[in-house]
Amino acid sequence: MELSKNYIPQEAENKWYEHWVKSGYFSSTPNEKPAYTIVIPPPNVTGVLHMGHCLNNTIQDILIRRARMQGYNACWVPGTDHASIATEAKVVQMLREKGITKSSLTREEFLAYAWEWKEKYGGIILQQLRKLGCSLDWDRTSFTMDDDYYQAVIKIFVQLYNDGIIYRGLRMVNWDPASKTALSDEEVIFKEIDSKLYYVKYPFVNSNSKNPNSNTDPSTLNPQLSTTNSQLPTPNYIMVATTRPETILGDVAICVNPTDERYKDWIGKEVIVPIINRTIKIIADEYVDAEFGTGALKITPAHDKNDNEIGRKHNLKTIDTLDADGKFATEQLMDEQPNELVMSYHGMDRFDLRKKIVEDIAALGLIEKIEDYKGQVGTSERTGAIIESRLSMQWFMDMKTFLGKHPETLSAVMNDEIKFHPAKLKNTYNHWLENIKDWCISRQLWWGQQIPAWYDENGTFVVAENLETAQKLYVERCKLNDTTYNPELSTLNLKQDEDCLDTWFSSWLWPMEVFKGISHPNNAEVNYYYPTTTLVTGQDIIFFWVARMIMAGFEFKQQIPFKDVYFTGMVRDKQGRKMSKQLGNSPDLLGLIDQYGADAVRFGIMIASPAGNDLLFDESGLEQGKLFGNKLWNALKLLHILNEKEKQVDDTSESTFASLWFEQRLNEVNISIEQDIKEFKLSEALKKIYSLIWDDYCSWYLEWIKPPQDQPINQYNIEKAFFFFEELMKMLHPFMPFITEEIYHSLNDRKEGDDITVSQLAIHNMQSIDERRTILNQGDVLQKMITSIRDVRIKQNLKPKDEIELQLPIAYQNELNPIIKTLQKQSFATSVSFVSEPVEKSITFMVDKMQCSFTTEKEIDTTQQKEQLEKERDYLNGFLLSVEKKLSNERFIQNAKPEIIEIEVKKKNDAIEKLKIIEESLNLL
RNA sequence: GGGAGCAUAGCUCAGCUGGUUCAGAGCAUCUGCCUUACAAGCAGAGGGUCCGCGGUUCGAACCCGUGUGCUCCCA
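Residues in the first sequence are numbered consecutively from 127, following this note's numbering.
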């Protein structure tokens, strides 16, 4: 077989992926085998592959490939999320480039464009996952707006509405003025932003004033001293510190803390709102933090959540001065007959208004000062726009009640029925559930599941899966003599709610609806695959998605949705910064795959990815992966070269020790990585396989069985070497699928259908524990001896191949017998003999408790050796002292477990024995 | 402001129930080698106040308290 000098990933990768798919290896249908199911966290349909996906999906692929090789019916379901805000924004932008505005289109026209866009560009990411080698069952590709899926979402909306869990109401919501929609709390990202704190004076209403609401010239209200208090002069204004002066025209009160001595006497007094000259009261509420600003807070119930609550508590009016775009709106001010200045603000953007209004208030002399201020500001996760708190009519889910129905949502995680990896995230989960807020599920968008509520001309509505049912329902309600339902109105005029549902309101059904568990309940597929086995996802969507899927599981299937959740950390760059477009530190993944090969990319990501921690991405990891691929390729080449040599049959244990030893190492690591993978320590497992291949197999084993030039190779060993390499490729396959498949086919001729992807992992020729330990110990001693001899050679300035004669202690002859043949070859010794004490003019060295030595014709220099022995002696003396001290400590003897004492005694005896040998060696020098 | 977590070699991290000659791995560094699978390699070596302080214990990287520094989540 001719092999190229190096492995060329690009050719092999395309070839094998096509072959796997064509062979149907990734397709799964229910059968008698146990299922291992993973549903992909559906990437946005607008998405392109980035490092986060790469990490996520590589992990899933490793788990699913390994499960497949362990005899499970492995099923990994691909798909995409319709991502209403992100997609709608993309489509709107695309239309804008064509000169079309969304407002000029009907809903149907817009959706037609959106679908066209989706068919054309959506799901690029799924193609990219193929490049990465992901073994997804493409026949099952799902989309959260597929017909059945859409109906499933509508169905559960109606169901939850009928159960009283979903309600409609006027509430403060997080408003994104950029996309003109409400957002759930989870979609708001708090950021620290440099802003200013404006100190604004609100003049007291002049008691002499005849008409406080008249457009008095505010300049007459310049602060003067009045004497409300006989002792202290009091200014005739109250000063308020605000970061949001643009909302001043919506102010309805000033609030102070009732315990605040400064303002105690002012409660109940009236002041005038600048510019608009509205008269408002000073009220008191515990909520106000006396430490912040001036201790006086302006209350704008229309534009702040907390203000809104205070407003409700104190029965204050709500005056909305901003429209859906975040522009100033005068509609709600018209009753007050606003002056020209106020009217001139109409349509002004909130941030322009902030500047303008500050100027205008300053012109009235009512700005005391402006300070720099760092504040937390909510921004939209999707558009980045600063969030406005806005009162609007929205649909909500009553999460407290819902959770009350399903306390298992919390307990299943806390008692590990659903296992979180890392477990520390259980705390986060617990904390969120205990402080859960209602979920705003409506969005003012068109791309998504349209809310199935139908309204009559008066705004009275019914909730039903479709118009027909809605009409029937409406008629029924009329018959019940409910006066809000008007039988006079034509039911044909029922109009569906314009808004659509939050994307997550569809994603939370993902693990069941990809198997049509909602749209076709209890079908054979969902019964077989659900609950799924493992979920792999980012920590950032633990609330958005994971928690809600668990709730959905209990509500709709009375079951957990998955057994294990593996949370990946965030991918950061080498300096620990988040990957972001702005920083430009997001690598081009497809470029990297082209450059290094998909296997190397997978390797590089996994080797640096400790379980549950953030991943610091560094291209050197990919380089290491590429070099590893090269190493594998070279080992393959060597195997073929050795195989072409003349074969020699010799089954003596001396000749086959290497194979016996490696087999046990292979089994040992196999068992150990099984445990690692169970615990999701994939990085650890990969490191172990890497080291097993590079160090144990290539550096030790292949060198041990390699015959000297022009000599035949041991038949048994070369056969085993091929076998072991194949097993190693199987172990590595889930991590690096392409090169292992390529090598699998280069090792032997394979029949059709004999591919590593569908091969099975197994433990072979497992010895008893005792035998295994003996063999592994012997291998260990062999390695130590070879290393020690190499070390001594370097220190003695001997070349690796300068001839030596090796002497080993006769007391250990039986133990050492199996390894001396290999030892002699690897240490280039002309002879090995067993002696009772070191021969003259030999160089001695210690291997464990064995005193070994060799002689050579060359002049030897004992000073270095002496130094080393003395160093070791000193260390051992110190060590012995500490052990003896411990053993002579009565309390230690009393309290320590017997096996610990035994170990200490053994340590002491070993040290004494070694010291004796060292002394002897030193005397010989 | 509330909560959670982290701190071990130059870097990234392992280190299980406190006890094995336990202070580890990989990368990086240094030294020597063109040894015929691989110089993209081989062989060998050095490198530490386990963040500071205090406590519990016969015994602490590990448990407790405290200080410092960092990260994340929530408001």
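Beta carbons are placed, not taken as given, at the ideal position from N, Cα and C, and that holds for glycine.
- Taking a 10 Å sphere around the C-beta of methionine 519, we find fewer than 16 other C-beta atoms and assign the residue as exposed.
- Just so you know, the alpha carbons of alanine 161 and threonine 155 end up roughly 10 Å apart.
- DSSP, reduced to helix, strand and coil, places histidine 547 within a strand of the structure shown.
- A straight-line Cα-Cα distance of about 10 Å links threonine 989 and glutamine 922.
- Comparing C-alpha distances from proline 637 to each of Thr595, Leu606, Cys604 and Phe680 shows the shortest one belongs to Phe680.
- For glycine 178, the enclosing alpha helix (DSSP H) starts and ends at 177-195.
- With contacts defined as CB atoms closer than 8 Å, aspartate 776 and phenylalanine 743 fail to qualify as a contacting pair.
- The beta carbon of aspartate 433 sits closer than 7 Å to those of Ile425, Thr426 and Pro427, all from its chain and outside the five residues before and after it, given in chain order.
- Separation of the CB atoms of threonine 447 and phenylalanine 454 is rounded to 6 Å, and the pair is thereby assigned contact status at 8 Å.
- Secondary structure of methionine 696 (DSSP, three-state): coil.
- Annotation: the segment 669-754 contains the following complete segments of the beta strand (DSSP E) (minimum length 3 residues), in chain order: 688-694.
- Around the C-beta of serine 785, 16 or more other C-beta atoms lie within 10 Å, and the residue is accordingly described as buried.
- Put simply, of Ile930, Glu139, Asn182 and Ala1037 the residue whose alpha carbon is nearest the alpha carbon of aspartate 740 is Asn182.
- Leaving aside the five residues that flank tyrosine 842 on each side, the residues in its chain whose CB is nearer than 7 Å to its CB run, in chain order, Asp777, Thr782 and Ser785.
- Put simply, the backbone Cα of glutamine 701 is about 48 Å away from that of isoleucine 945.
- Secondary structure at serine 779: helix, using DSSP grouped into helix, strand and coil.
- A direct Cα-to-Cα measurement between tyrosine 471 and threonine 307 gives close to 23 Å.
- Rounded to the nearest angstrom, the gap between the Cα atoms of aspartate 377 and valine 366 is 12 Å.
- Within its own chain, the residues whose Cβ lies closer than 7 Å to the Cβ of leucine 924, once the five positions on either side in sequence are excluded, are Thr982 and Lys984, listed in chain order.
- Spanning the alpha carbons of leucine 828 and aspartate 896 requires a straight line of approximately 25 Å.
- Approximately 7 Å separates the beta-carbon atoms of asparagine 383 and glycine 421; this is inside 8 Å, confirming the contact.
- With respect to the 8 Å criterion, alanine 538 and isoleucine 676 are classified as neighbours on the basis of their beta carbons.
- For the segment 606-666, the continuous alpha helix (DSSP H) assignments of 4+ residues that do not extend past its boundaries occur at 630-633, 636-639 and 650-655, in sequence order.
- The shortest C-alpha to C-alpha distance from leucine 620 to any of Trp634, Ala590 and Lys407 is the one to Ala590.
- In the displayed model, proline 135 falls within a helix according to three-state DSSP.
- Here valine 484 carries a helix assignment [DSSP, helix/strand/coil].
- The C-alpha of leucine 1050 is placed about 17 Å away from the C-alpha of leucine 932.
- Counting of Cβ neighbours within 10 angstroms places serine 506 among the buried residues, the total reaching 16 or more.
- Distances from the CA of glutamate 800 to each of Asp690, Arg192, Lys752 and Pro167 were compared; the closest alpha carbon is that of Arg192.
- Tyrosine 239 and methionine 220 have their alpha carbons spaced roughly 9 Å apart.
- Glutamate 494 carries a strand assignment under DSSP once its states are collapsed to helix, strand and coil.
- Rounded to whole angstroms, the Cβ separation of alanine 1037 and leucine 1002 is 5 Å, and the two are in contact under 8 Å.
- The shortest C-alpha to C-alpha distance from leucine 716 to any of Val503, Met177, Lys131 and Asp498 is the one to Met177.
- When the five nearest sequence neighbours on each side are left out, the beta carbons in the same chain lying within less than 8 Å of the beta carbon of arginine 480 are those of Arg370, Pro371 and Glu372, in order along the chain.
- With fewer than 16 other Cβ atoms from the protein chains shown falling within 10 Å of its own Cβ, glycine 197 counts as exposed.
- Burial check for histidine 859: the Cβ neighbour count within 10 Å reaches 16 or more, so the residue is buried.
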